[in-house]
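Okay, so the sequence shown: first residue is 1 according to this note's numbering, each after it adds one.
A virtual CB, placed ideally from N, CA and C, is assigned to each residue, including glycine.
Remember, it's a predicted structure, so these values are computed and weren't measured experimentally.
The next block holds one structure in the form of structure tokens; read it before the comments.
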Amino acid sequence: MSQSGLYVEDLSVCLPGPTGNVAALTNVTFEVSPGEVVGLVGESGAGKSMIACAIADQLPRNADVTGVIRIDGNELSEVRAAGTKERHRVNAALCFQNPRVALSPTRNVGKQIADRLKAHQGLSHREVADKATELLHQVGIRDAQRRLRNFPHELSGGMCQRVMIALAMACKSPVLLADEPSTGLDVTLTGEILRLIRDMADRDQQAVLVISHDIAAISTICNRLMVLYAGSLVETGLTQDLVRTPAHPYTRALIDAVPDPNREVGRVTPLPGLMPQLSAPPVSCSFAPRCRLSDQKCQSDMPRLTSQGAKWKVRCFHSGMLGSTKTGEESVDDNHRINGKRDTGDSGGAEPLVRLQHVDVAYRSRSGGPKKPVLRAINLTFNRGETVGIVGESGCGKSTLARTIMGLISPTRGEVWFGQINLRTQRRADLRRLRRRMQLVFQDALDSLNPRLSVAEIVTDPLQLLELARDEKKAAVDQVLDQVSLDPSFKPRLPQELSGGQAQRVGIARGLVIDPDLIVFDEPTSALDATIQAQVLELIHSLIERRDRTYLFVSHDLATIRGLCDRVVVMYLGRVVEDGPVDRIFTTPLHPYTRALLSAIPRLHGELGIDRVELKRNLDEPIESAGCSLSPRCPFAETRCFKEQTLLEVSEGHSVACWKVAETTRN
Numbered sequence: 001m002s003q004s005g006l007y008v009e010d011l012s013v014c015l016p017g018p019t020g021n022v023a024a025l026t027n028v029t030f031e032v033s034p035g036e037v038v039g040l041v042g043e044s045g046a047g048k049s050m051i052a053c054a055i056a057d058q059l060p061r062n063a064d065v066t067g068v069i070r071i072d073g074n075e076l077s078e079v080r081a082a083g084t085k086e087r088h089r090v091n092a093a094l095c096f097q098n099p100r101v102a103l104s105p106t107r108n109v110g111k112q113i114a115d116r117l118k119a120h121q122g123l124s125h126r127e128v129a130d131k132a133t134e135l136l137h138q139v140g141i142r143d144a145q146r147r148l149r150n151f152p153h154e155l156s157g158g159m160c161q162r163v164m165i166a167l168a169m170a171c172k173s174p175v176l177l178a179d180e181p182s183t184g185l186d187v188t189l190t191g192e193i194l195r196l197i198r199d200m201a202d203r204d205q206q207a208v209l210v211i212s213h214d215i216a217a218i219s220t221i222c223n224r225l226m227v228l229y230a231g232s233l234v235e236t237g238l239t240q241d242l243v244r245t246p247a248h249p250y251t252r253a254l255i256d257a258v259p260d261p262n263r264e265v266g267r268v269t270p271l272p273g274l275m276p277q278l279s280a281p282p283v284s285c286s287f288a289p290r291c292r293l294s295d296q297k298c299q300s301d302m303p304r305l306t307s308q309g310a311k312w313k314v315r316c317f318h319s320g321m322l323g324s325t326k327t328g329e330e331s332v333d334d335n336h337r338i339n340g341k342r343d344t345g346d347s348g349g350a351e352p353l354v355r356l357q358h359v360d361v362a363y364r365s366r367s368g369g370p371k372k373p374v375l376r377a378i379n380l381t382f383n384r385g386e387t388v389g390i391v392g393e394s395g396c397g398k399s400t401l402a403r404t405i406m407g408l409i410s411p412t413r414g415e416v417w418f419g420q421i422n423l424r425t426q427r428r429a430d431l432r433r434l435r436r437r438m439q440l441v442f443q444d445a446l447d448s449l450n451p452r453l454s455v456a457e458i459v460t461d462p463l464q465l466l467e468l469a470r471d472e473k474k475a476a477v478d479q480v481l482d483q484v485s486l487d488p489s490f491k492p493r494l495p496q497e498l499s500g501g502q503a504q505r506v507g508i509a510r511g512l513v514i515d516p517d518l519i520v521f522d523e524p525t526s527a528l529d530a531t532i533q534a535q536v537l538e539l540i541h542s543l544i545e546r547r548d549r550t551y552l553f554v555s556h557d558l559a560t561i562r563g564l565c566d567r568v569v570v571m572y573l574g575r576v577v578e579d580g581p582v583d584r585i586f587t588t589p590l591h592p593y594t595r596a597l598l599s600a601i602p603r604l605h606g607e608l609g610i611d612r613v614e615l616k617r618n619l620d621e622p623i624e625s626a627g628c629s630l631s632p633r634c635p636f637a638e639t640r641c642f643k644e645q646t647l648l649e650v651s652e653g654h655s656v657a658c659w660k661v662a663e664t665t666r667n
């Protein structure tokens with residue numbers, strides 16, 4: 001056992017609850033050495049965050065905790081007994097999962113960083129100001145001095161996550177605990193945040209524990225991975241070993257649930273069932289009810305964590321029965337998608353449903369200055385029966401575009417047509433009646449559901465737009481709940497009684513119940529773990545294969561887009577930079593930004609087969625000229641790029657906003 005870094009032995013946590021005790025963790029043992037990054041993966045409810053809270057001494061005081069936790073040789077229980085004055089000896093910095101909730105809403109960012117710098121580094125007032133600015137620069141925040149005066153609600157989700165990492169850096173801790181550091185972030189920002197964590201481990205020799213449900217993302221930076229299920233470690237080992245040849249069926253299920261752009265089929269494999277909530281330490285394999293290899297021995301005995309090889313342990317009686325993970329050559333049912341998109345034999349016609357013509361949208365700043373452009377010169381058409389993915393980094397205008405299409409935001413210039421209806425000329429009452437033909441499924445299902453209404457009331461509410469009898473409404477609700485695989489027992493439940501995946505299904509049911517012509521999914525899986533995400537994606541697959549509606553899928557997760565959509569629209573800083581068929585975008589992307597996005601997708605198996613593009617890091621404010629907005633970051637930019645940007649058609653149905661690519665393609 002090393003005296004430096006993090007050491008955890010036989011950690012068990014039992015929490016009292018209103019319906020009985022909850023055995024959150026059972027005999028968890030591991031260590032993280034200085035300069036090492038170890039990933040902890042598993043579904044929601046596995047106990048991952050409980051481990052972080054135990055190490056950081058953030059558990060409730062009524063928790064029953066046993067086991068040993070040491071940080072640089074200091075044992076947590078001994079320090080806790082010594083009183084609050086000795087707490088600084090347990091020096092583990094914790095980056096919380098939801099930075100908006102973790103950051104104080106009443107104090108600006110600068111004051112919160114200053115508190116850490118004074119407490120942990122003893123800096124003077126002048127030194128604190130300079131160091132705080134330096135920390136924000138290190139985590140990639142533009143205009144750091146101005147941002148120090150901002151409050152958390154004035155920052156984007158990605159910026160809040162960077163501030164959390166800056167706070168952890170200010171602690172100068174030997175141990176860093178990053179709890180879901182990439183949840184809800186786009187692929188490029190996820191890559192930057194994870195590389196920053198890796199750099200901190202290498203530069204400062206920190207012992208880093210990264211907690212995540214995104215095994216593909218964190219596998220790019222982790223030396224080792226640990227898989228947690230129902231409070232017990234079921235597999236630990238070197239990252240490449242677990243990714244290539246997982247020995248536990250649960251690890252295999254997690255990997256199979258990850259959308260992979262390398263797979264031509266583009267489908268994911270959902271894991272049936274739910275993780276158990278144990279009231280006592282398990283006496284048999286907790287995964288047995290969901291495991292296809294389960295037998296009587298699994299259901300009666302608890303397997304031990306035994307060595308599989310060098311630094312590789314697994315808790316399973318049948319670990320030798322698993323082969324290597326899928327690499328994209330697997331077969332698929334003829335009724336399923338082929339080559340990553342739906343069978344397009346029945347195209348549903350080319351009749352336009354939504355048209356945007358020369359649309360600009362601008363927001364007025366809080367300080368009352370000039371309006372800031374958010375969408376610029378948008379010209380798009382979405383046809384009936386078409387499924388279109390809208391992708392790009394956070395802040396590129398995806399959600400604003402979706403809300404403009406829905407009539408929730410009025411453009412400052414241009415027109416939005418829904419069928420033959422010009423949304424700009426409609427009164428509020430007319431737009432409300434039009435809602436029955438278009439519906440929006442929100443990003444965070446739990447936040448978008450009324451906490452005071454039951455599931456039945458939530459799904460019934462949109463039917464107020466239709467003149468239906470009570471029995472007809474009840475029949476419609478029953479039918480749509482069955483369509484999204486929710487049985488009648490869910491009807492009386494309140495939102496807080498639902499899991500994330502169940503809440504997302506209720507949100508989809510609410511959108512489907514009035515049979516609209518258009519459904520917009522705004523990041524429907526960004527906050528879900530891999531297995532629940534796979535279940536929701538499977539549901540969406542089944543809906544869009546009917547080709548009876550137009551679907552717009554707003555997402556920063558390009559791996560899911562390939563398996564869902566016919567066409568992809570790529571946006572950057574409020575402009576469309578590429579628009580084309582999904583297979584063409586993924587196999588022969590033309591715009592440098594599209595290539596950079598695809599290059600940034602974390603993969604478990606090999607490369608995507610395109611030339612990798614790395615954008616320049618640019619912390620200046622984005623330009624607002626007629627030129628290409630990407631030019632300050634583009635490695636191929638020339639003088640002309642700073643002066644013009646036009647979306648040009650390079651082949652049928654494929655347009656790109658890059659004159660260099662367009663000229664080369666046409667020639």
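Mark residue i as exposed unless 16 or more other C-beta atoms lie within 10 angstroms of its C-beta, in which case mark it buried.
i: Gln296; result: exposed
i: Tyr363; result: exposed
i: Arg549; result: buried
i: Met169; result: buried
i: Pro249; result: buried
i: Leu466; result: exposed
i: Gly266; result: Low per-residue confidence applies at Gly266: pLDDT is 46, beneath 50, and the placement is therefore not dependable, though the value from the model is reported in the following sentence. Flag for Gly266 reads buried.
i: Thr425; result: exposed
i: Ser599; result: buried
i: Asp143; result: exposed
i: Leu408; result: exposed
i: Pro602; result: buried
i: Met321; result: exposed
i: Glu578; result: buried
i: Gln420; result: exposed
i: His677; result: The displayed coordinates of the chain run from 1 to 667. Any statement about residue 677 would go beyond what the structure contains.
For the beta strand (DSSP E) containing residue i, name the first residue and the last one.
i: Glu235; result: 232 to 238
i: Ala92; result: 92 to 95
i: Lys372; result: 371 to 383
i: Ile71; result: 64 to 71
i: Pro581; result: 575 to 581
i: Gln138; result: That residue, Gln138, is in no beta strand (DSSP E); its alpha helix (DSSP H) goes 125 to 138.
i: Gln308; result: 306 to 309
i: Lys313; result: 312 to 314
i: Val441; result: 438 to 441
Using 8 Å for Cβ pairs, my map puts residue i next to residue j. What's the rounded Cβ distance?
i: Gln97; j: Asp179; result: 5 Å
i: Tyr593; j: Val570; result: 7 Å
i: Gly73; j: Gln205; result: The Cβ separation is near 15 Å, so there is no contact.
i: Ala637; j: Ser629; result: The pair is not a contact, with the Cβ atoms about 11 Å apart (cut-off 8 Å).
i: Leu278; j: Ala23; result: 4 Å
i: Val520; j: Leu552; result: 5 Å
i: Val459; j: Val416; result: With 8 Å as the limit, Val459 and Val416 do not qualify as a contact, their Cβ atoms being about 28 Å apart.
i: Val41; j: Val227; result: 6 Å
What are the start and end residues of the alpha helix (DSSP H) that includes residue i?
i: Val187; result: 187 to 204
i: Leu431; result: 428 to 434
i: Asp350; result: It is worth fixing the name first, because residue 350 is Ala in this sequence and not Asp. No alpha helix (DSSP H) contains Ala350, which DSSP labels as neither H nor E.
i: Ala247; result: Taken as a continuous stretch (DSSP letters only), Ala247 belongs to no alpha helix (DSSP H), as it is neither H nor E.
i: Glu538; result: 530 to 544
i: Thr560; result: 558 to 564
i: Leu446; result: 445 to 448
Is it the case that the Cβ atoms of residue i and residue j are separated by a distance below 8 Å?
i: Val480; j: Leu512; result: yes
i: Ala217; j: Thr531; result: no
i: Arg116; j: Val139; result: no
i: Asn675; j: Gln357; result: As shown, the chain starts at 1 and ends at 667. That puts residue 675 outside it, with no answer to give.
i: Met275; j: Ala230; result: yes
i: Thr412; j: Ser232; result: no
i: Gly389; j: Ile561; result: yes
i: Pro181; j: Val208; result: no
i: Val374; j: Val359; result: no
i: Val38; j: Arg224; result: yes
i: Leu590; j: Cys658; result: yes
Would you verify that the beta carbon of residue i is, or is not, closer than 8 Å to some beta carbon of chain C?
i: Ala102; result: The question asks about chain C, but that chain is absent: this structure has only one protein chain.
TODO: Give, in chain order, every unbroken run of the alpha helix (DSSP H) that is at least 4 residues long and sits entirely within the stretch 484 to 513.
DONE: 500 to 512
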